[in-house]
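One structure below.
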Amino acid sequence: MNISKFLFSTDVLHNVLKPGRYIGGEYNEIIKDKTKLKIAICFPDIYDIGMSHTGFQILYNLFNYYDSVSAERVFLPWIDMIEKMEKYKIPLYSLETYTPVKNFDLLGITLQYELSYPNILKILSMSDIPIYSKDRKEEDPIVLGGGPCSSNPEPVAPFFDAFFIGDGEEIVKNIVEVFNKFKSREQRLIELSKLKGIYVPKLNKPILKNGLLVHDKNKIINSIKLSDLNNFKFPINQIVSNIKIVHLRAIVEIMRGCNRGCRFCHAGMFYRPTRERSVENMEKIIYEILENTGFHEISLLSLSTLDYSMLNELIDRILPYLNEKHVSLSLPSSRVDKFSVELSSKLSSGRKAGLTFAPEAGSQKMRDIINKGIDEKEIFDVVKTAKENGWNRIKLYFMIGLPNETEEDVEEIVKLAKNLKKHSKLKEITVNISVFIPKPHTPFQYSKFEDLKSLKNKIKILYQLKKYKIRVNIQDPYQSYVEAIFALGDQNVSKILYDIVFEENSIFQQWDENFNFNSWARIFNKNEFDASKYLNGFNDILPWDFINTGVSKEFLKNEWEKSKNIEKTEDCRWSSCSMCGVCNKNLKVIVNKEQ
Ligand code: SF4
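Heads up: the sequence shown begins at -14 in the working numbering, then just goes up one per residue.
Okay, here's the thing in structure tokens:
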């Protein structure tokens, strides 16, 4: 089937929402002829979300940097388009050349959040690629996973041929070399498995131990990390979408990693250590990217942008240019401090939509347990400063279900929000609540996921906020329960994933309107699935022990013990090294200016 001819000669695109999602042709897309190697880069969600993701644009450009490679984009279509494609038997295709995914040599899928896992199986099925790696034939693409969730790849391991763990910049060159040099599927997988940072499940099988599928201690996969962001050219030709997407703006990664040491935070541990890009490099990239895209907004992205040690200097250097070109600057931040408010005021040029802060917990005890490093006075000060600077709306982010949290701690969230409203006289306070999920490779990987009954009791307490005219949005605990299973599972949970997609037709599970816990309950019952072995807390053996992110298990255990004793650990950027283990002679914290 000639896919583009079919799409443009029928009414398929006329009858779906946002047809621009499915036709490519954007400014800066890369189309190459006659390359040796065809790579499909897939974000397992809709176009609007995938195209807003910086890492996705980085990977696209990293692969396309090589003359021998053409990398093309693939997304999961929204439900209306899936129905049309299934009706007319249109296989999933790339946006650049409308090539069926099955015809690529490599299908790279980024694993950003666990609830996207059902989407991955749907993508394989729409591409006519066998769902299980073991069933694939010579002509099928090699399916490679990467991204933060690859730090525990086990729940999806049977569906992938390989994973890369770590920073893509360091590994893409080696992957391309293997594919160019070796032609057979078998040989490529063997050679990939020899590379640092690559895990090939069929060559590294788990064994059953204490009821869990775990790996041999001698088969460790060491993640690969980029020592200096300045060593790689950041993509300055970012694709400019033709339709409205979640973030339609230029994005520059200002630094990678965060050493604040929040004990619940997966990204904080996985992307250690902090590596700042130099001010000179940032300035150059910002000007080039704006020249090459025409965007009127630029965002400086990282896990905690306000921690960039020379942020004021950088802003002073670029602001005249941005003002001249009428480009607005956004600094995504939820840091609770006055600097954050003052900077937002400086950049807001009169528009004051709202500020976001993440105290994460209501009581000081809980903030110390999670190592958040802020106290109540700072929270009150920051809200007061916001009001003084003309802000009238704030959003506060908290979690419930944290280790050692009691109902009294949750009542403290209500008390804190109520008092902030009373004292600040802000027009609007919104409280957003998420449910804590223990994540692999964090100090809280040993924690249990709180049982649903107890979470529901805590949620009842939080609804008291409405009495004080405070808006409250609470994440569905059932959704978090499912997410926790796929964050903490071993290869045995993959069967659940298969059944939820092919028996219940459940995809897009991170979208509230598509999530139905009854479907999951049916699949759990059918499989006599015992979630408690993943959710009740682990002792020493973990399904992801064979992945070494560089942060040592001793450090994580020690942090877990410190949390029980309500002891804090300082950020090593501003105090001494806390021996997390990630630094070595080639990798260290890079901060442009010592504090
Ligand atoms: S090894 Fe020390 S200096 Fe390096 S990131 Fe860990 S705590 Fe910080």
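All C-beta atoms, glycine included, are put in the ideal place defined by N, C-alpha and C. Small disclaimer: the values here were computed from a predicted structure and weren't measured.
Unbroken beta strand (DSSP E) run spanning residue i, endpoints
| i | result |
| --- | --- |
| L645 | Here the chain has residues from -14 to 580 only, and residue 645 is not among them. |
| N582 | Any answer about residue 582 is impossible in this case: the structure gives the chain only from -14 up to 580. |
| Y382 | 378 to 385 |
| G132 | Segment: none, G132 is in no beta strand (DSSP E) and carries neither H nor E. |
| K582 | No answer is possible for residue 582: the residues shown for the chain start at -14 and end at 580. |
| I581 | This structure does not reach residue 581, given that the chain is present from -14 up to 580, and the question cannot be answered. |
| L473 | Where L473 is concerned, there is no enclosing beta strand (DSSP E), although the alpha helix (DSSP H) it sits in stretches over 462 to 473. |
| F60 | 54 to 60 |
Own chain partners of residue i with C-beta closer than 6 Å, once the 5 adjacent residues on each side are dropped
| i | result |
| --- | --- |
| E468 | E99, L100, I422 |
| G40 | none |
| E435 | G386 |
| K17 | S55 |
| E544 | R248, P428 |
| K74 | none |
| L405 | V368 |
Spatial neighbours of residue i in its chain, beta-carbon cut-off 7 Å, leaving aside the 5 residues before and after
| i | result |
| --- | --- |
| K190 | none |
| P115 | R121, D125 |
| Q460 | I418, S419, V420 |
| V326 | L340, V367, T370, A371, N374 |
| A56 | I24, I26, Y45, F48, N49 |
| M267 | V237, I239, L299 |
| Q449 | V399 |
| V231 | D33, I34, S37 |
Which of helix, strand or coil DSSP assigns to residue i
| i | result |
| --- | --- |
| T39 | helix |
| Y306 | helix |
| G93 | strand |
| N501 | coil |
| N244 | coil |
| L106 | helix |
| L77 | coil |
| L527 | coil |
| I15 | coil |
| V86 | helix |
| N0 | helix |
| I508 | helix |
| V264 | helix |
| V326 | helix |
| N490 | coil |
| I444 | helix |
| I8 | coil |
| I270 | helix |
| I34 | helix |
Cut-off 8 Å between Cβ atoms - residues of its own chain near residue i, not counting five sequence neighbours on either side
| i | result |
| --- | --- |
| S289 | C243, R245, S318, R320 |
| S563 | G246, F540, T554, E555, C557 |
| L(-2) | L(-8), P4, Y7, I8 |
| I209 | F149, I150, G151, D152, E155, I156, K181, G182 |
| K518 | G196, L197 |
| S548 | R248, I354, I355, N356, P388, N389, P428, F429 |
Any non-hydrogen atom of the ligand GDP within 8 Å of residue i CB
| i | result |
| --- | --- |
| M240 | With respect to the ligand GDP, the structure offers nothing, as its ligand set consists of the ligand SF4. |
Endpoints, the alpha helix (DSSP H) within which residue i is located
| i | result |
| --- | --- |
| S315 | Run containing S315: none in the alpha helix (DSSP H); it sits in the beta strand (DSSP E), 313 to 315. |
| G253 | 251 to 255 |
| R352 | 349 to 354 |
| W545 | 538 to 549 |
| S517 | 517 to 520 |
| L482 | 479 to 487 |
| I581 | There is simply no residue 581 to check, as the chain begins at -14 and stops at 580 in what is shown. |
| K(-10) | -12 to -6 |
Any chain C beta carbon closer than 9 Å to residue i
| i | result |
| --- | --- |
| L77 | Of the protein chains in the structure, only one exists, and it is not chain C. |
Completely contained beta strand (DSSP E) runs for the region 277 to 302, where each covers 3 or more residues
282 to 286
The ligand SF4 site residues, beta-carbon cut 7 Å against heavy atoms
N244, R257, P258, C557, C562, S563, M564, C565, G566, V567, C568, K573, V574
In chain order, each alpha helix (DSSP H) run of at least 4 residues that lies wholly inside the region 359 to 439:
Counting whole runs of 4 or more residues, the region 359 to 439 contains the alpha helix (DSSP H) stretches 361 to 373, 392 to 409.
Within the region 204 to 239, note down every full beta strand (DSSP E) run reaching 3 residues or more, in order along the chain.
235 to 238
Length at least 3, wholly inside the region 132 to 200: the beta strand (DSSP E) runs in chain order
147 to 149, 192 to 194, 197 to 199
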